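Residue numbers (the working numbering): 1051 to 1310. The C-beta atom is built at its ideal place from N, Cα and C for all residues, glycine as well. What you are looking at is a predicted structure, and each value in this text was computed from that prediction instead of being measured.
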């Protein structure tokens, strides 16, 4: 399957290109949904590992695999003891292999092998099937991040919004492959967020955005990875509920970043 050199077409008419040569666009929808899209400056050149990037041809019925992740305590952690970042620079990889694994997924160097059906948060496969013929057209993964950011007011004049954008920019540019970022921001106390996990609003928006590129998601070959799974030391089970509501397999960060 070919992959289009830029995955940001659905933002093209809505947000201008930044001046630094990289395609990094931000937009707020429905007052509380933050969307960020990153494409590396050299996205049409050689891939990070030296291979040419596949392209999506934009024709109808392109079926893709999605590798979706929570942000905090899954991809990144704070540098100190506080669970919440104190600045845009207050982050480190939650697991050493995070950037390498995400690059492998994007460049189609890793396939996630699935066993017989189990409850999603307990579904821990035994290994990787690097030569699987059952993968959808041997499609690479589209990398997506879904994050609850309930303390962030999505306005340009707020410190937390600017901090979030800069923090995410640092994270995804360190990974170096295209990333779609969705965040459920703060809503009025009298309202209930339709985007905050475990509700599926952010996933629904992803489906709409991909449809504009004539892409659909292969649910059987896609997955979600988050840390809020209702385990004894977890603070909640919202990631587990989110994946179950969507209908895709949910993996623990420990499996994705330790076992692969």
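DSSP-derived helix/strand/coil call for residue i
{"i": "residue 1292", "result": "helix"}
{"i": "residue 1199", "result": "coil"}
{"i": "residue 1086", "result": "strand"}
{"i": "residue 1194", "result": "strand"}
{"i": "residue 1073", "result": "strand"}
{"i": "residue 1143", "result": "strand"}
{"i": "residue 1245", "result": "coil"}
{"i": "residue 1100", "result": "Caution is warranted here: a pLDDT of 32 is assigned to residue 1100, below 50, making its placement in the model unreliable, and the coordinate value is therefore given only provisionally. Looking at residue 1100 - three-state DSSP - the assignment turns out to be coil, as it is neither helix nor strand."}
Opening and closing residue of the beta strand (DSSP E) in which residue i lies
{"i": "residue 1151", "result": "Looking at the DSSP string, residue 1151 is not in any beta strand (DSSP E); the run it does join, the alpha helix (DSSP H), is 1148-1156."}
{"i": "residue 1265", "result": "1265-1267"}
{"i": "residue 1283", "result": "Note, residue 1283: premise wrong, no beta strand (DSSP E); not H, not E."}
{"i": "residue 1116", "result": "1112-1119"}
{"i": "residue 1230", "result": "1229-1234"}
{"i": "residue 1273", "result": "1273-1275"}
{"i": "residue 1299", "result": "1299-1301"}
Distance CB(residue i)-CB(residue j) smaller than 8 Å
{"i": "residue 1118", "j": "residue 1196", "result": "yes"}
{"i": "residue 1140", "j": "residue 1124", "result": "no"}
{"i": "residue 1268", "j": "residue 1077", "result": "no"}
{"i": "residue 1280", "j": "residue 1300", "result": "no"}
{"i": "residue 1303", "j": "residue 1074", "result": "no"}
Element boundaries [alpha helix (DSSP H), containing residue i]
{"i": "residue 1130", "result": "From DSSP, residue 1130 is part of no alpha helix (DSSP H); its letter is neither H nor E."}
{"i": "residue 1211", "result": "1209-1225"}
{"i": "residue 1258", "result": "1251-1261"}
Among the options, nearest to residue i - alpha-carbon criterion
{"i": "residue 1192", "options": "1084, 1266 and 1288", "result": "1266"}
{"i": "residue 1089", "options": "1304, 1229 and 1289", "result": "1229"}
{"i": "residue 1259", "options": "1120, 1147 and 1194", "result": "1194"}
{"i": "residue 1199", "options": "1190, 1189 and 1212", "result": "1212"}
{"i": "residue 1122", "options": "1138, 1116 and 1115", "result": "1138"}
{"i": "residue 1091", "options": "1262, 1225 and 1206", "result": "1225"}
Do three or more CB pairs link the region 1243-1250 to the region 1286-1299 at distances below 8 Å?
yes
Three or more C-beta pairs under 8 Å: does that hold for the region 1233-1240 against the region 1077-1089?
yes
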